[in-house]
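Chemist: This is the structure, below, for whatever I ask next.
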Amino acid sequence: MPQQLLRSISLRTFNLTRVLQLTTVLLMLFISTSALAHHPMGGKTPSNFVEGFLSGVAHPVIGFDHFAFIVAVGLLAATKRQGILIAIAFVLSAMVGTGLHLMGVSLLGAELLISGSVLLFGILLVLKDSPNTLLIMALAALAGMCHGYAYGEAIFGASMVPLLAYLLGFTVIQMGITTSVMMLSQSLSQRKDASQMSFKIRFAGFVLCGIGAAFFSSQLIDTILPTLNN
Numbered sequence: 001m002p003q004q005l006l007r008s009i010s011l012r013t014f015n016l017t018r019v020l021q022l023t024t025v026l027l028m029l030f031i032s033t034s035a036l037a038h039h040p041m042g043g044k045t046p047s048n049f050v051e052g053f054l055s056g057v058a059h060p061v062i063g064f065d066h067f068a069f070i071v072a073v074g075l076l077a078a079t080k081r082q083g084i085l086i087a088i089a090f091v092l093s094a095m096v097g098t099g100l101h102l103m104g105v106s107l108l109g110a111e112l113l114i115s116g117s118v119l120l121f122g123i124l125l126v127l128k129d130s131p132n133t134l135l136i137m138a139l140a141a142l143a144g145m146c147h148g149y150a151y152g153e154a155i156f157g158a159s160m161v162p163l164l165a166y167l168l169g170f171t172v173i174q175m176g177i178t179t180s181v182m183m184l185s186q187s188l189s190q191r192k193d194a195s196q197m198s199f200k201i202r203f204a205g206f207v208l209c210g211i212g213a214a215f216f217s218s219q220l221i222d223t224i225l226p227t228l229n230n
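Heads up, the sequence shown is in UniProt numbering, so the first residue is 1 and it goes up one at a time.
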């Protein structure tokens, strides 16, 4: 019995260490490349369908704040019976946000709101009793508009064909990631003990809180410093 207990503690410690190491590596990798998030084509505006589609697929992935939020949406969706509606609300509102950017609507503090959304959804994952599905859908939709608004920067000034391809690209990749995360989490929860899976989702929430806090503080400093200098 003592040997089994020690073995269990050892395995848990090892797994936790590996997760923390992986999280640190991912943070260093993606934060260093997050500046590319607004211009997946290296600053070049897509000029055809292929460039538009690839740019749309790339934007939510190379921007780690966007990617982290998409994963958070999938994890939260997995905890709700009608969780797919949360993913749909997020994806559709992202297109609306891009449309607002293209129409010249100014959304002040968009980057701050984006990083704040990662932090908020991380907190929701940590909570034992998360809000109901409708409230999470509303929050996902509001966050989706902010993320979509940021996506619009990379396609601003493009013609109709690459624009539509861009919308298609980021819609497909976001829906694909959220539903994959949701289905995988639900599948694992059926195979394993429910309380164990709940712990892992909450742990993921803590990781997302850390990511969101890092981005939020960085954006907050970038917002405040220019004001102080003036």
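The C-beta atom is built at its ideal place from N, Cα and C for all residues, glycine as well.
These figures come from a predicted structure and were not determined experimentally.
For Leu184 and Ile201, I'd like the C-alpha separation in whole angstroms.
Modeler: Cα-Cα distance, rounded: 12 angstroms.
Chemist: Work out the CA separation of Phe67 and Phe49 for me, nearest whole Å.
Modeler: 23 angstroms
Chemist: Would the stretch 140–154 and the stretch 82–102 be scored as touching if the rule is three or more Cβ pairs under 8 angstroms?
Modeler: yes
Chemist: Say whether the stretch 108–122 touches the stretch 159–168, bearing in mind that this needs 3 or more beta-carbon pairs closer than 8 angstroms, one atom from each stretch.
Modeler: no
Chemist: Mind checking which residues open and close the alpha helix (DSSP H) that includes Ala154?
Modeler: Segment: none, Ala154 is in no alpha helix (DSSP H) and carries neither H nor E.
Chemist: I'd like the span of the alpha helix (DSSP H) that includes Asp65, first residue to last.
Modeler: 64–78
Chemist: Tell me which same chain residues have a C-beta within less than 7 angstroms of the C-beta of Ala204, skipping the five on either side of it?
Modeler: Leu75, Leu125
Chemist: Mapping the DSSP letters down to three states, classify Lys200 as helix, strand or coil.
Modeler: helix
Chemist: Are Val181 and Ala77 close, meaning C-beta to C-beta below 9 angstroms?
Modeler: yes
Chemist: Sorted by chain position, which residues of the same chain lie with C-beta nearer than 6 angstroms to Gly152's C-beta, five sequence neighbours on each side aside?
Modeler: Thr98, His101, Leu102
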